[in-house]
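Encoded as structure tokens, the structure appears first; notes follow it.
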Amino acid sequence: MKFDLSDDQRTIASTARELLAARSPFERVRSVAGEGRYDDALWRELCELGWPGIAIAERYGGQGLGAVELAVLLEELGYAVAAVPLLGSVLAASAIEHAGDSEQRARWLPGLASGELTGAFGGVRDLIADAPGASVIVLVEAGAPRVVARGDAELEPVDAIDPTRRYARVGGDGAALTGNVEAALGRAGAAVAAELVGVCRRALDMTVAYVSERRQFGVPVGSFQAVAHRCARMLLLTEGVRSAAYFAAWAADAAPERLPEAAGLACAAAGEAGVEVTGSAIQAHGGIGFTWEADVHWLFKRAQLDAAMLGGASGHRMRLARAVASARRQRRQGQRSDGSAIPSSMNL
Amino acid sequence: MDLTFSEPEIAFRDELRAWFAANDPGAEPPHHEERLHFAWRRDFQRRLFDGGWAAPHWPVEYGGRGATLTQSAIFFEELGRARAPLPANVLGLLLGGPTLMVWGTEAQRDRHLGPILSAEEIWCQGFSEPDAGSDLAALKTRAVKDGSGWLVTGQKVWTSGARYAKWCMLVARTDAEAARHKGLTYYLMDMDQSGVQVRPLRQMTGESEFSELFLDGAWIADEQVIGGVGNGWKVALTTLMNERAGLAFFLQVRLRRLLDDLIDAAAARAMLDDDVVADRLGALHMKVEILRLTAYRGLATVEKHGQPGPEGSLTKWMWSEAAQELAQLAADVLGSEALVADSPWGYELLRARGNTIEGGTTEILKNIVAERVLGLPRAR
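If you read the sequences in order, they're chains X and D. Residues in the first sequence are numbered from 1 upward in steps of one, following this note's numbering. Residues in the second sequence are numbered from 1001 upward in steps of one, following this note's numbering.
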């Protein structure tokens, strides 16, 4: 038992954090988001570094690392709220790799791994992140994913409240992913939750810095318990989501039979916590927090869209409770409970 | 990252499970039958001791098994899983013994560690006072030098298990002139003397887990000073650091068990078909699982840095709120059944109100998190 990042994983995290801090500070996010586009220079650099293919198998041109390494990168992406189509690409690639057939893999994975192609992943009724420029969209309808190539996609671009990404409603035909759909959906949930960990952590770091500096009544406002306790709760929620998100990322590779349960936890926890923590950051910043320049809003907006991708927390919670009850009933009846006792984790 | 138990950890767990299977703790006596309840815990600790399981986290030379942190966590999880009680001498095992191992003399260790393990001598903790709760350094109990020992006068409160205790880990002020953290000394006080009056405090559950101690010229010999005169604050911190580590895993599993009981009860009444009930049970499931995961993450931190950090405050906070929420949900779901006096859920409903107070109120935990984890300016 060692629930901790390895030294290599820590190095990935710190390298990614430094790179994004240098290339994608908020001034940069503000400017590209204001123009309604992605940060193309940053995206090219990330592709050269192999980020889109970090978790794709080497034989498809990826780096062959695992879901935990992917989670580490996505956490940093969330921390920076970087305006690049990475999330959609890795979600699409992960779904195709784990639920697609060899033909689908051979067709899409090399391009997605190199970043030559981008992808997107989401539900038919949702605003799908990174869909407008995507070459391939994994579209989920009633729990069943299909691969929609750009030419077959009916795409309706939408300006979402989160301008750091391009969103669209998507329809269109494509070949079904017929492999392990549950794993594909579980991995997607784990990945989005990991991004939310970073979003939460950034919101907390910014808030701690601000309330330590900002003075009223002759003292830093962070010395008031009402403010300090708000920050403490932000940490409680952030670390809770971190526990669940990394449990799910770990399970994806190391204990697939636990992935549905783990992803269910991550999905149930991450969306609501992300919205609460980023909302709390705005509140703790006071009037400044409501301004465009304070940059806290980028986190709140990203959290809202990510939470929507995960689906309603209430649905995840109900499924978890019923799954626990049914697993316990089966155990009492002497049957081994299999993974399917806990239904798929993304509410799509 | 590895969230599975290693071979040695599984071997440790399986040996323990086999032992528990052969040593059923039996049904828990009702909480209001206090002496019976305590005797159950004492008997069970003796059985643990006979089996060599009283304190697996202690080094082998002191009668433990030199268990790793993870093995120690497994021990407490299995204890909870087997529906066994916390050992009667939990304060001696978790706090007193480890404090002696750091600060005690060889003679003190030789004298005391054995009877702690066997539950022959029960220990209690005399830290809190009526005006020194969260603010421990404000304590007023005074110890005055008298020949080859000390005379202690003052009052302690919230002393768990004082009625059964032979020894009390006592912090008293020995230098009124020194700065508040400096003039303190840590003693091991014999409870069995006329200068020590124990008055049980009746708590809102009706039982008396805690007592007040009235100290009127209580005598403590020089040999019973732990860690040197004037060094009490440091020694007390050692004790407090040990407070949460192992206990957290027992409490977390106990909560899981109660939640499973409630889910079973709700399922048996077909109440899981109700979305509101399923949603609330699912929310608790999420909190309880996240608590366990976060506790294991904390263990990795301790392994890396050698000692528990202030992050432990986070898991205690998570646990206490989940425990309260669970007991309330049981009352909401099971209705009148959970409101019967001395019933298991009725007891939980009342007892859980102490969870957010004992061992650090939620408000103090939030201060600790804000100041010591987040580095915010000192709160007002």
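All C-beta atoms, glycine included, are put in the ideal place defined by N, C-alpha and C.
Contact of arginine 1378/D with chain X by beta-carbon distance below 8 Å involves Ser223.
If the five residues before and after methionine 1318/D are omitted, its C-beta is found closer than 6 Å to the C-beta atoms of Leu1291, all from its own chain and listed in chain order.
Taking every protein chain shown into account, the CB of aspartate 306/X has 16 or more other CB atoms within 10 angstroms, so this residue is buried.
Taking the C-beta atoms as reference points, alanine 193/X is found nearer than 8 Å to alanine 245/X. Within chain D, no residue has its beta carbon less than 9 Å from that of lysine 301/X; the closest one is some 24 Å off. Residue contact check for aspartate 7/X against chain D: no CB pair falls below 8 Å.
The residue from Leu1215/D, Thr1301/D, Gln1252/D with its alpha-carbon nearest to that of glutamate 1129/D is Leu1215/D. Rounded to the nearest whole angstrom, the CA to CA distance from aspartate 1342/D to arginine 1017/D is 31 Å. Along the length of the segment 128–210 of chain X, whole beta strand (DSSP E) runs at least 3 residues long occupy 136–141, 144–149, 153–158, 167–172, reported in chain order. Excluding residues up to 5 positions away in sequence, Phe1127, Ser1128, Val1171, Ala1236 lie with their Cβ nearer than 8 Å to the Cβ of leucine 1136/D in the same chain.
Ranked by Cα distance from arginine 1041/D, the first of Leu1086/D, Phe1049/D, Glu1077/D is Leu1086/D.
In the DSSP assignment, glutamine 1045/D is bridged to no other residue. With 16 or more other CB atoms across the displayed protein chains lying within 10 angstroms of its CB, aspartate 130/X is buried. DSSP lists Tyr1187/D as the bridge partner or partners of valine 1225/D. Beta-bridge annotation (DSSP): phenylalanine 247/X is not paired with any residue. Using a CB distance below 7 Å, no part of the segment 114–141 of chain X faces chain D. Buried is the label assigned to methionine 309/X, since at least 16 other Cβ atoms lie within 10 Å of its Cβ. CA-CA distance, alanine 281/X to phenylalanine 300/X, rounds to 9 Å.
Interface residue (Cβ-Cβ distance to chain D less than 8 Å): phenylalanine 26/X is not classified as such. Judged by DSSP secondary structure, lysine 1234/D falls within the alpha helix (DSSP H) whose first and last residues are 1232–1241. Neighbours of aspartate 1024/D in chain X, taken as residues at a C-beta separation under 7 Å, are lacking, since the least C-beta distance is about 19 Å.
As for any alpha helix (DSSP H) of minimum length 4 sitting wholly inside the segment 103–128 of chain X, there is none. Within its own chain, the residues whose Cβ lies closer than 7 Å to the Cβ of threonine 1356/D, once the five positions on either side in sequence are excluded, are Ser1320, Glu1321, Gln1324, Thr1362, listed in chain order. Residue-level contact by beta carbon holds for threonine 1294/D and chain X, with a gap shorter than 8 Å.
Residue contact check for tyrosine 210/X against chain D: no CB pair falls below 8 Å.
The Cβ atoms of alanine 1370/D and glutamate 1348/D do not sit closer than 8 Å to each other.
Taking glycine 271/X as the centre and dropping the five residues before and after it, the same chain places the C-beta of Ala307, Leu310, Ala313 closer than 6 Å to its C-beta, in chain order. Here the segment 1112–1124 of chain D lies against the segment 1054–1074 of chain D, with 3 or more beta-carbon pairs under 8 Å apart. Within the segment 1156–1181 of chain D, no residue has its Cβ closer than 9 Å to any Cβ of chain X. Between alanine 71/X and phenylalanine 1044/D, the alpha-carbon positions lie close to 45 Å from each other.
If you check each beta-carbon in the segment 1271–1282 of chain D against every beta-carbon of chain X, the ones closer than 7 Å belong to Leu1272, Asp1275, Ala1278, Asp1279, Leu1281, Gly1282. Between valine 158/X and leucine 139/X, the C-beta spacing is not below 8 Å.
With contacts defined as CB atoms closer than 8 Å, isoleucine 1226/D and glutamine 1328/D fail to qualify as a contacting pair.
Interface flag for aspartate 295/X against chain D is unset, since no Cβ pair is found closer than 8 Å.
For a cut-off of 8 Å, the C-beta gap from arginine 201/X to tyrosine 79/X is around 6 Å, short enough to register as a contact. DSSP lists no bridge partner for cysteine 267/X.
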